[in-house]
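Engineer: In UniProt numbering, the protein residues as written are 1 to 723. All C-beta atoms, glycine included, are put in the ideal place defined by N, C-alpha and C. I'd like to ask you about the structure that follows.
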Amino acid sequence: MSQKRSFIATCPKGLEQLLAAEIASLGGEPLRETVGAMIFNADLAAMYRLCLWSRLANRVMLILSEFRGESADDLYQGLSAIDWQDHMLASNSISVDFNGQTDEIRNSHFGALKSKDAVVDYFLARGEARPSVDKNTPDIRINIRLNRGQITACIDLSGESLHRRGYRSSGAMAPLKENLAAALLLRADWPGIASRAGALIDPMCGSGTLLIEGAMMAMNIAPGLLRQRWGFRGWLDHDQALWEGIVEQAEAHRSLALTREWPEIRGYDANGKIVAQAQENIENAGLERFIKVSRRELAQLAKPTHRELDHGLLITNPPYGERLGEQAELLHLYRHLGQSMLAHFSGWQGAVFTGNADLGKRMGIRSYKQYQLLNGTIPAKLLLFNIGPEAQVRERRPDVQQESTAEALQLTSGGQMFANRLRKNLKRLSKWRTKNGIECFRVYDADMPEYAVAVDCYGSAVHIAEYMAPVSVPEEDAERRLREVIEAVSQVFNVSANNIAVKERRRQRGKDQYQRQAPRNTVMELKEGQAKVLVNLHDYLDTGLFLDHRPVRLDIAARAKNKRFLNLFSYTAVASVQAGIGGAKVTTSVDMSHTYLQWARRNLSLNGLSESRHRTEHGDCRRWMKDCKDQYDLILLDPPTFSNSKRMDDVLDIQRDHSELINDAMALLAPEGLLIFSTNKRDFILDQDLSSRYKMEDRTRWSLDEDFSRGGKPIHYCWYITR
1 MSQKRSFIAT CPKGLEQLLA AEIASLGGEP LRETVGAMIF NADLAAMYRL
51 CLWSRLANRV MLILSEFRGE SADDLYQGLS AIDWQDHMLA SNSISVDFNG
101 QTDEIRNSHF GALKSKDAVV DYFLARGEAR PSVDKNTPDI RINIRLNRGQ
151 ITACIDLSGE SLHRRGYRSS GAMAPLKENL AAALLLRADW PGIASRAGAL
201 IDPMCGSGTL LIEGAMMAMN IAPGLLRQRW GFRGWLDHDQ ALWEGIVEQA
251 EAHRSLALTR EWPEIRGYDA NGKIVAQAQE NIENAGLERF IKVSRRELAQ
301 LAKPTHRELD HGLLITNPPY GERLGEQAEL LHLYRHLGQS MLAHFSGWQG
351 AVFTGNADLG KRMGIRSYKQ YQLLNGTIPA KLLLFNIGPE AQVRERRPDV
401 QQESTAEALQ LTSGGQMFAN RLRKNLKRLS KWRTKNGIEC FRVYDADMPE
451 YAVAVDCYGS AVHIAEYMAP VSVPEEDAER RLREVIEAVS QVFNVSANNI
501 AVKERRRQRG KDQYQRQAPR NTVMELKEGQ AKVLVNLHDY LDTGLFLDHR
551 PVRLDIAARA KNKRFLNLFS YTAVASVQAG IGGAKVTTSV DMSHTYLQWA
601 RRNLSLNGLS ESRHRTEHGD CRRWMKDCKD QYDLILLDPP TFSNSKRMDD
651 VLDIQRDHSE LINDAMALLA PEGLLIFSTN KRDFILDQDL SSRYKMEDRT
701 RWSLDEDFSR GGKPIHYCWY ITR
C-alpha cells in the first residue's frame with residue numbers, strides 16, 4: 001500500500017459535509033473541516049480517484065508545509081525550507097495563487113510575488129536553472145493560504161478547478177457551476193429517486209448543467225473523464241501507470257453505462273438559443289441519447305405523456321431578479337411554477353434553487369426542507385418539496401361577512417329597483433357564464449338613465465364606475481343614487497365594502513375625470529379562458545382588463561399557434577398572453593406607458609411566458625410602426641380614442657388618424673396575415689377608402705359577448721382586415 005499523505009479539498013461554502021462523505025466513499029480519510037474545505041489523508045490511488053470522480057470539489061491540493069508567520073520574511077523563510085526538488089524540476093513553469101493578508105502582507109499580489117521569489121531562489125541557491133512563470137498553463141501550480149498567522153503551502157494537483165468538467169463549450173446567462181449543480185441534486189436525493197427509476201425534469205434548464213450532472217450521477221459516470229489537463233502531471237511523485245489504470249477502469253464503467261436504459265431526463269427552456277447551447281453541451285458529454293431538451297414555455301410545463309412517470313424529481317434554478325421591478329415580474333413566474341408543480345407533478349419531489357428567498361415563499365407550495373448555500377457570491381436557498389395537495393399554501397382571504405351591513409339595511413325604493421335589475425341581469429347571464437367559464441363580466445351598464453353606472457364582476461369582487469351625470473341632475477341627487485347603487489350591490493352580491501371598488505366622476509374636477517382613492521396596491525389573479533390575468537380594481541382609472549374585448553382576445557388565442565403576434569397599444573398585454581398560451585411563435589407588445597408595460601410583463605410571467613419570446617417594447621406605436629422592419633402574421637391594433645401624452649410628438653385622434661394607423665399596421669402584416677382593428681369611439685365612422693385597399697370584415701356584433709349585447713350604439717367597433 002502506498003504512503004498516505006495530507007491533502008486539502010476545496011468546495012463551495014456549505015458543501016463541506018457532503019464533500020467529507022464523498023472523500024470517504026473514494027478511499028480518503030476526512031480529518032478536519034474548514035470553511036469551504038476539507039483536510040484529509042489519502043494514498044495516491046485515493047487522491048487520483050478524488051480528482052477523477054469528485055462531483056463536489058473545486059481543487060485537490062497536496063499539503064507541503066504548515067507554519068506560523070505574519071511577515072513577508074516569515075513567509076519567505078518558511079517556503080524556502082520546503083524541499084521543492086522532491087516535487088518539481090527547476091525547468092518546470094510555475095504559478096502562485098496566494099490568499100490572505102496581514103498588516104505587512106497587505107494584498108495577494110505582494111504575497112504571491114514573495115512566495116514565487118522563495119521558490120525561485122531555492123533552485124538558484126543550488127546552482128540550478130530559474131523556474132519560469134506561466135500564469136495560464138503552468139507545470140506546477142502552487143497554492144499558499146495565510147489565515148490568522150497560519151501559513152499553508154500546497155501544490156494544486158487538480159490544475160484548473162474540478163468543476164470544469166470539459167463538456168460545457170458555452171453557457172447560458174449566469175450558468176450554475178457543475179459542482180454546485182451536483183450538490184443540489186444530492187440534497188434533493190436524486191440518486192435515490194433515480195435508483196427507483198424516477199424521472200428528472202428541469203423546466204428552465206439553461207445550459208443544461210443540472211440535467212448533465214443528473215445523468216452522470218444516475219449512470220455513475222466519472223465527471224472528470226473529459227478533462228484534458230491535470231495539475232499532477234508535472235509533479236515528480238505522479239504515477240502515470242496508476243493513474244492510467246484508474247482512468248481505464250472509469251472509462252470501462254462509462255462504456256457499459258452507455259449501453260443500458262436509464263431514467264427519463266428532460267429539460268425545457270423558452271429561449272431557442274439557450275436550448276441549442278444545452279444541446280451542444282449534452283452532445284459534448286456524449287449523453288444525447290439519454291437527455292432530451294426542447295424549446296418550451298413554462299406555460300406548457302407538464303409531465304411527458306409517452307410513458308408512465310408516476311414519480312421523479314422536478315428541479316430548477318429560476319432567475320432571481322436584480323432590479324425591484326424585475327423581482328415584481330418574477331413573483332408571478334414563481335407563482336406559476338408553484339401552481340404547475342401542484343397541477344401536474346403530484347407525488348413527485350421538487351427542488352427550487354433561488355437567490356431570492358421572498359420569491360420562493362410566494363410559490364404557493366410549502367417546502368419541507370431548506371438549505372442555505374452560495375451561488376457564486378449570491379446567498380441562495382435550495383427549497384425541497386413533497387409535491388401534493390397537502391403542500392399547497394392557501395392564501396388568506398378576508399372573512400366574508402355572513403350578514404353584510406347592506407342586508408341589515410333597508411334599501412330605498414330606488415335602491416330596491418336597482419337591486420332587482422341586477423338580479424334580472426345576473427339570471428339572464430347565468431347559463432352563458434357557466435357554459436363559458438366566465439369569471440369577469442359586466443352586469444349592468446346604465447340600463448336605467450337615473451342610475452348611470454357600469455357594474456362589473458371580477459371574481460368575488462365588484463367594480464362600480466360612475467358615468468358623468470347630466471348638468472340637470474343636482475350633485476346631491478347624483479351622490480344619493482351612487483349610495484343606493486353601492487348598497488344594492490352589497491346586498492345582491494353579498495360582499496363587504498372591502499370587495500367593492502368605486503370610481504366616481506364629479507363635475508367640480510374640471511374635466512371628465514374619475515376621483516381616485518388612495519392606492520391600495522391590491523392585485524387580484526383571475527382567469528379569462530386559459531389565461532391568468534392580474535387586475536387592480538382600486539388604484540387606476542382602469543382595472544387592467546377591458547372586458548368588452550374578451551371575444552377578440554379568445555379568438556387571438558385560437559388563431560395564434562406558430563404565428564408572430566404584434567399587440568399595438570398593448571395596455572397590460574392580456575391579448576399577448578392569450579396569443580402566447582395559444583402557441584404563438586413570438587409576441588411583441590408595444591405601449592408608451594411604463595406602468596402598463598410592467599403590468600404586462602407580470603401578466604406574461606404569471607402565465608409562464610418568457611421575455612425571450614414575448615417581448616415588451618416601450619414607445620409611441622405610430623413612430624414604432626414606421627421604424628419596424630419585421631413582419632407579423634397576426635396584429636391587434638386597438639388605439640385609444642384620444643391621447644395628448646407628453647411622450648408623443650402630437651395628439652392622437654382616432655377618427656382623424658385611423659386610416660394612417662391601419663395602413664402602417666398593414667405594412668407590417670405578412671401576405672396571408674390578419675389585422676384586427678378595434679376602437680371604443682362611440683360615434684366612429686370608418687374611412688371608406690380603406691375598403692378599396694383591403695378586405696374589411698365588420699365583426700362588431702360578433703365581438704360583443706352576452707354581457708355587452710345591449711341596444712343602441714355598440715361599446716366598440718371591430719374589423720378583421722386582410723389583403
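(1) Is it true that the CB of ILE365 sits closer than 8 Å to the CB of residue 809?
(2) Do the CB positions of TRP235 and HIS87 come within less than 8 Å of each other?
(3) Excluding the 5 residues flanking PHE708 on each side, which residues of the same chain have their C-beta closer than 7 Å to its C-beta?
(4) So, for ARG550: in the same chain, excluding its five sequence neighbours on each side, which residues have a beta-carbon less than 6 Å away from its beta-carbon?
(5) In this structure, does DSSP put SER404 in helix, strand or coil?
(6) Among the candidates VAL275, PHE232, ARG196 and GLU672, whose CA atom is the shortest distance from the CA of CYS205?
(7) Does the Cβ of MET219 lie closer than 7 Å to at least one heavy atom of the ligand COA?
(8) If I measure Cβ to Cβ from ASP633 and keep anything under 6 Å in the same chain, skipping five residues before and after, which residues do I get?
(9) Kindly indicate the opening and closing residues of the alpha helix (DSSP H) around TRP719.
(10) Which runs of the alpha helix (DSSP H) spanning at least 4 residues fall entirely within the stretch 573-644, listed in chain order?
(11) For a test of the three-state rule: what should DSSP assign to ILE221, helix, strand or coil?
(12) Anyone know if the C-beta pair for residue 745 and ALA584 falls short of 8 Å?
(13) CA-CA distance, GLN372 and ILE82?
(14) Using CA coordinates, which residue listed in PHE232, MET217 and GLY224 is at the minimum distance from TRP262?
(15) Taking its Cβ as the centre, do 16 or more other Cβ atoms sit within 10 Å of GLN77, making it buried, or is it exposed?
(16) GLY312 and ILE193 - do their beta-carbons sit closer together than 8 Å?
(17) Could you give the DSSP three-state label for ILE151: helix, strand or coil?
(18) In the structure shown, what three-state DSSP assignment does ILE8 receive?
(19) Against chain B, with Cβ distances strictly below 8 Å, would ARG559 count as a contact?
(20) Given ALA380, which residues of its chain have a CB within under 7 Å of its CB, disregarding the five upstream and five downstream residues?
(21) Give me the Cα-Cα distance between GLU577 and ASN603, rounded to the nearest whole angstrom.
(22) Just list the residues that DSSP pairs MET524 with in beta bridges.
(23) What residue does the beta strand (DSSP E) around ILE193 start on, and which one ends it?
(24) The beta strand (DSSP E) spanning VAL453 covers which residue range?
(25) Distance check for ILE464 and ILE486, CA to CA, integer angstroms please.
(26) From the DSSP output, in three-state form, read off ARG323 for me.
(27) If you check the beta carbons only, do GLY231 and ASP117 fall under 8 Å apart?
(28) Quick one: give me the first and last residue of the alpha helix (DSSP H) that LYS427 is part of.
(29) Can you give me the C-alpha to C-alpha distance between PRO30 and MET47, rounded to a whole angstrom?
(30) Straight-line CA distance for SER54 to GLY608?
(31) Suppose the cutoff is 7 Å on Cβ atoms and the five residues either side in sequence are ignored; what does the same chain contact list for ARG423 look like?
(32) Taking 8 Å as the threshold, find out whether the stretch 248-261 comes into contact with the stretch 173-193 through three or more Cβ pairs.
(33) Which runs of the alpha helix (DSSP H), 4 residues or longer, sit entirely within the stretch 285-370?
(34) To the nearest angstrom, report how far apart LEU686 and ALA452 are at their CA atoms.
(35) Mind checking which residues open and close the beta strand (DSSP E) that includes CYS440?
(36) Going by DSSP in three states, SER255 sits in which element: helix, strand or coil?
Structural biologist: With the given structure in hand:
(1) Nothing can be reported for residue 809, as the shown portion of the chain is limited to 1 through 723.
(2) Locating residue 235 in the sequence shown gives position 235, where the first residue counts as 1. Locating residue 87 in the sequence shown gives position 87, where the first residue counts as 1. Yes.
(3) Residue mapping note: residue 708 aligns to position 708 of the sequence shown, counting from 1. Around PHE708: ARG442, ASP548 and ILE715.
(4) Looking up residue 550 in the sequence shown gives position 550. If we look at ARG550 and ignore the five residues flanking it on each side, its Cβ neighbours are ASP705.
(5) Within the sequence shown, numbered from 1, the residue matching residue 404 stands at position 404. Low confidence applies to SER404: its pLDDT is 40, below 50, so where it sits in the model is not reliable, and the reading given next is rough at best. Residue state, collapsed to three classes: coil.
(6) Here residue 205 refers to the residue found at position 205 of the sequence shown. Nearest to CYS205 by C-alpha distance, out of VAL275, PHE232, ARG196 and GLU672, is VAL275.
(7) Looking at this structure, you won't find the ligand COA or any other ligand, since it has none at all.
(8) In the sequence shown, counting from the first residue as 1, residue 633 sits at position 633. Excluding sequence neighbours, ASP633 sits near LYS563, ARG564, ALA670 and GLY673.
(9) For the purposes of this step, residue 719 is identified with residue 719 of the sequence shown, where counting begins at 1. TRP719 -> not in any alpha helix (DSSP H); beta strand (DSSP E) instead, spanning 717-722.
(10) 574-581, 594-606 and 621-627
(11) Looking up residue 221 in the sequence shown gives position 221. Here ILE221 sits in coil by DSSP.
(12) Because the chain here runs from 1 to 723, residue 745 falls outside it and cannot be looked at.
(13) The residue labelled residue 372 in the question sits at position 372 within the sequence shown. The residue labelled residue 82 in the question sits at position 82 within the sequence shown. Between GLN372 and ILE82, the C-alpha separation is close to 39 Å.
(14) Walking along the sequence shown from the start, residue 262 turns up at place 262. Out of PHE232, MET217 and GLY224, MET217 has the C-alpha closest to the C-alpha of TRP262.
(15) Position 77 of the sequence shown holds residue 77. So GLN77 ends up on the exposed side.
(16) As a working mapping, residue 193 is identified with position 193 in the sequence shown. As a working mapping, residue 312 is identified with position 312 in the sequence shown. In this structure, GLY312 lies closer than 8 Å to ILE193 by Cβ.
(17) The residue given as residue 151 occupies position 151 in the sequence shown. Here ILE151 sits in strand by DSSP.
(18) For the purposes of this step, residue 8 is identified with residue 8 of the sequence shown, where counting begins at 1. Looking at ILE8 - three-state DSSP - the assignment turns out to be strand.
(19) Looking for chain B here will not work: only one protein chain is present.
(20) Along the sequence shown, read from residue 1 onward, the residue named residue 380 stands at position 380. Result list for ALA380: PHE353, THR354, GLY355, LEU373 and LEU374, in chain order.
(21) Locating residue 577 in the sequence shown gives position 577, where the first residue counts as 1. Locating residue 603 in the sequence shown gives position 603, where the first residue counts as 1. Residue identity differs from the one stated: residue 577 is Val in this sequence, not Glu. VAL577 and ASN603 have their C-alpha atoms spaced approximately 7 Å apart.
(22) Looking up residue 524 in the sequence shown gives position 524. According to DSSP, MET524 bridges with VAL535.
(23) Within the sequence shown, residue 193 is the residue found at index 193, counting from 1. No beta strand (DSSP E) contains ILE193, which is instead part of the alpha helix (DSSP H) from 190-195.
(24) Taking the sequence shown and counting its residues from 1, one reaches residue 453 at position 453. That run of the beta strand (DSSP E) goes 453-458.
(25) Taking the first residue of the sequence shown as position 1, residue 486 is located at position 486. Taking the first residue of the sequence shown as position 1, residue 464 is located at position 464. Each residue's Cα considered, the two are about 8 Å apart.
(26) In the sequence shown, counting from the first residue as 1, residue 323 sits at position 323. Only weak support is given to the placement of ARG323: the predicted model assigns it a pLDDT of 49, under 50, and the question is left unresolved by the model.
(27) The residue labelled residue 231 in the question sits at position 231 within the sequence shown. The residue labelled residue 117 in the question sits at position 117 within the sequence shown. With a cutoff of 8 Å on beta-carbon distance, GLY231 and ASP117 are scored as not near each other.
(28) Your numbering for residue 427 matches position 427 in the sequence shown. Here the alpha helix (DSSP H) through LYS427 covers 413-436.
(29) The residue given as residue 30 occupies position 30 in the sequence shown. The residue given as residue 47 occupies position 47 in the sequence shown. Straight-line Cα distance between these residues: approximately 12 Å.
(30) The residue labelled residue 54 in the question sits at position 54 within the sequence shown. The residue labelled residue 608 in the question sits at position 608 within the sequence shown. Roughly 36 Å between the two C-alpha positions.
(31) As a position in the sequence shown, residue 423 is number 423, starting the count at 1. Same-chain partners within the cutoff: VAL492.
(32) no
(33) 324-344 and 357-361
(34) Here residue 686 refers to the residue found at position 686 when the sequence shown is read from its first residue. Here residue 452 refers to the residue found at position 452 when the sequence shown is read from its first residue. Between the alpha carbons of LEU686 and ALA452 lies a distance of about 28 Å.
(35) By 1-based counting over the sequence shown, the position of residue 440 is 440. Counting along the chain, the beta strand (DSSP E) containing CYS440 begins and ends at 440-445.
(36) For the purposes of this step, residue 255 is taken as the residue at position 255 of the sequence shown. It is helical.
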